[in-house]
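Using full-length UniProt numbering, you'd call the opening residue of the sequence shown number 1 and step up by one each time.
The next block holds one structure in the form of structure tokens; read it before the comments.
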Amino acid sequence: MASGYVTTADLEMYYETYGSDDHALPPLLLIHGGGSTIATNWSNILPLLSGDRQVIAIEEEGHGRTRATDRPLTSEASAADIVEVLTALDVGPVDVLAFSAGAQTALALAMSAPARVRRLILASAPWRRDAMIDGFWAGLEQGTLDDMPDLFKDEHRRLNGDDPASVQRLFDLDRGRMLAFTDWLDDDIAAVRMPTLIIAADQDVVTVSGAVRLSTTLAHARLLIVPGNHGDYLGEAMASGDDLTTMHSTAALILNFLS
1 MASGYVTTAD
11 LEMYYETYGS
21 DDHALPPLLL
31 IHGGGSTIAT
41 NWSNILPLLS
51 GDRQVIAIEE
61 EGHGRTRATD
71 RPLTSEASAA
81 DIVEVLTALD
91 VGPVDVLAFS
101 AGAQTALALA
111 MSAPARVRRL
121 ILASAPWRRD
131 AMIDGFWAGL
141 EQGTLDDMPD
151 LFKDEHRRLN
161 GDDPASVQRL
171 FDLDRGRMLA
181 FTDWLDDDIA
191 AVRMPTLIIA
201 ADQDVVTVSG
211 AVRLSTTLAH
221 ARLLIVPGNH
231 GDYLGEAMAS
241 GDDLTTMHST
251 AALILNFLS
């Protein structure tokens, strides 16, 4: 594993690379979910994904080792940061696997810089407000830092020190991004032309009907519904616990789609 920072127009984005870059397949870019880090989102599944390709994982603004700025966190800003990372690393086009709020960033990347993306995997993507389960948005409206999972808070403190303001800023960035989110136009989604795999779980925060609608709105999409919850099928640390059965099955299907 190698790691570093790329200085973008607004921040220093942290990244890690796994595997070598001498494979025939393009690199795989990983974009984590809200509140998470490379480790909490991807550490379980990474060994399964990096055997035959280079994997590049980033941490969005305010997450992990990428320090927050004064700007709001938006999918569009993160997508622009990622383009600068790919340019600095001299890679692309890449395949993209993105989870939850990170899937919003991946969609923004696919729409704003389609030449950078060969294949796209959107896992538990909150792409429309009405694609979420009942009570999701009301819960966010009323949410406080106390509602943030301890796993995410502990990981943030491990990487950044015990600074209450920094943890609060992480929560505020994620909550603010989601509450400010407005639906993309169907025509803009349909303009995403690269092959895409939509993944959701049958007990996800994204409804099955919402995932189906995304797969039919995109031009070249396949749909995978797995048994599980929000992220256990990717081995996400908070969701999966010690049961990685579904993750192994999902990883095989991901690799098949990317081959």
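Just so it is clear, CB atoms sit at the ideal spot from N, CA and C, and this is done for glycine as well.
Computed from a predicted model, the values in this text were never measured in an experiment.
Pairing Leu224 with Ile198, the inter-Cα distance amounts to about 6 angstroms. A distance of 8 angstroms or more separates the beta carbons of Asp174 and Gly51. Taken in chain order, the unbroken stretches of beta strand (DSSP E) that lie wholly in the UniProt domain "AB hydrolase-1" (26-131) and span 3 residues or more are 28-31, 55-59, 94-99 and 117-123. Fully contained in the segment 126-160 is no beta strand (DSSP E) run of length 3 or more. Between Thr37 and Ser75, the gap from beta carbon to beta carbon reaches 8 angstroms or more.
Contact annotation: Thr66 and Met13 have beta-carbon atoms nearer than 8 angstroms. DSSP places Arg193 outside any alpha helix (DSSP H), giving it a letter other than H or E. By the CB criterion at 8 angstroms, Leu30 and Ala79 fall outside the cutoff. Distances from the alpha-carbon of Leu218 to those of Leu89, Met238 and Leu185 put Leu185 closest.
About 17 angstroms separates the CB atoms of Phe99 and His156; that is not less than 8 angstroms, and the two are not in contact. For Ala201, the CB contacts under 6 angstroms within the same chain, skipping 5 residues up- and downstream, are Val226, Gly228, Asn229 and Tyr233 in chain order. Judged by DSSP secondary structure, Ser20 falls outside any beta strand (DSSP E); it is assigned neither H nor E. Ala180 counts as exposed, since fewer than 16 other C-beta atoms from the protein chains shown sit within 10 angstroms of its C-beta.
Here the alpha carbons of Pro27 and Leu73 stand approximately 25 angstroms from one another. With contact defined as three or more Cβ pairs closer than 8 angstroms, the segment 122-139 and the segment 201-213 are in contact.
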